[in-house]
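Numbering (mature numbering (1 follows the signal peptide of the UniProt record, and there is no 0)), first residue to last: -31 to -1, 1 to 233.
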């Protein structure tokens, strides 16, 4: 028959065993946590390749969430857990920076891109993009697919270009605004819109569309992708991942998708 002292000893032994078991279970879970990256939708193909390379080199995986930079910035503001943010424009990175949500010393401008006009490959005719070009006639009653012009960076760049070229007012009512640039690309790819304004890298990622014109770089603000570690990140691999994304090893993977890698 157990004495009171023996019972207490057994209880302590059981509790100790439970704590050890819980620690053993928790340790792999902690080790399995992945660096979480919030990235502009246009980065998907290139960043997937970079993330695969990072995993092969480091042995650690990455979770990437792709959406419009505007949507990601709002999610970050609302407290969504993430370690890295890559925006498709300066404005949304500035937005989260203004909320003290990034580590300023980790911020840099990573990539550049170009703005193009695309059409379904089955009906692709060259369009000479210039001052006052007749985009309305090119649409032939159809819709112009773009990212939402009040929030999505590709849409904002596109609207700026059309305004600079003097044709925005003629096509404004024909715009089919999409939640991100890849959604706009899909409208063209599926033949639901005869033309769309996307990044050159998006066009390269979809064989169902073809570039029919390239917007002059002088017609819109420079297309750049800033990157930074988020203030709330506590992941031990966040800085190493950021260094890898900016390293010579990642450069050809971005360039293979048509991005311009900018100096740090």
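Glycine residues also receive a C-beta, built at the ideal position from the N, C-alpha and C atoms. Quick caveat: nothing in here was measured; it's all calculated off a predicted structure.
Secondary structure at residue i, three-state DSSP: helix, strand or coil?
i           : result
residue 198 : strand
residue 238 : The question about residue 238 has no answer here: the residues shown for the chain are numbered -31 through 233.
residue 183 : strand
residue 170 : helix
residue 7   : strand
residue 239 : Residue 239 is absent from the structure shown; the chain starts at -31 and stops at 233.
residue 27  : helix
residue 213 : helix
residue 49  : coil
residue 145 : strand
residue 89  : strand
residue 177 : coil
residue 150 : helix
For residue i, which option in the options has the closest C-alpha, if you only look at C-alpha atoms?
i           : options             : result
residue 176 : 190, 13 and 157     : 157
residue 100 : 93, 94, 134 and 109 : 134
residue 184 : 120, 47, 216 and 98 : 98
residue 122 : 173, 55, 66 and 138 : 55
Return the chain-ordered list of same chain residues with a C-beta closer than 6 Å to the C-beta of residue i, the five sequence neighbours on each side being excluded.
i           : result
residue 13  : 35
residue 124 : 115, 116, 117 and 118
residue 24  : 30
residue 204 : 4 and 52
residue 104 : 136 and 140
Pull up the CB-CB distance for residue i and residue j, whole angstroms please, since I reckon it's below 8 Å.
i           : j           : result
residue 3   : residue 32  : 5 Å
residue 314 : residue 39  : Outside the shown range of the chain, which is -31 to 233, sits residue 314, and nothing can be said about it.
residue 200 : residue 71  : 6 Å
residue 140 : residue 113 : 5 Å
residue 75  : residue 197 : 5 Å
residue 79  : residue 215 : 7 Å
residue 49  : residue 226 : Not a contact, Cβ separation roughly 26 Å.
residue 222 : residue 18  : 4 Å
residue 120 : residue 37  : 7 Å
Can you name, in chain order, every residue of its own chain whose Cβ lies under 7 Å from the Cβ of residue i, other than the five neighbours on each side?
i           : result
residue 181 : 86, 87, 88, 93, 94, 95 and 96
residue 59  : 193 and 195
residue 179 : 87, 88, 90 and 93
residue 20  : 31 and 33
residue 45  : 7, 51, 54, 65, 70 and 199
residue 220 : 230
Who are the Cβ neighbours of residue i in its own chain at under 8 Å, not counting the five residues just before and after it?
i          : result
residue 26 : 213 and 218
Review point. Are the stretch 114 to 131 and the stretch 78 to 89 touching, with three or more C-beta to C-beta distances below 8 Å?
Key: Because the criterion of three Cβ pairs below 8 Å is met, the stretch 114 to 131 and the stretch 78 to 89 touch.
Can you find at least 3 beta carbon pairs, one from the stretch 181 to 191 and one from the stretch 208 to 219, that sit closer than 8 Å? Taking 8 Å as the limit for Cβ pairs, the verdict is that the stretch 208 to 219 does not touch the stretch 181 to 191.
Pairs of beta-carbons, one from the stretch 98 to 118 and one from the stretch 153 to 167, closer than 8 Å: are there three or more? A contact between stretches requires three or more CB pairs, one per stretch, nearer than 8 Å, and the stretch 98 to 118 meets this requirement with the stretch 153 to 167.
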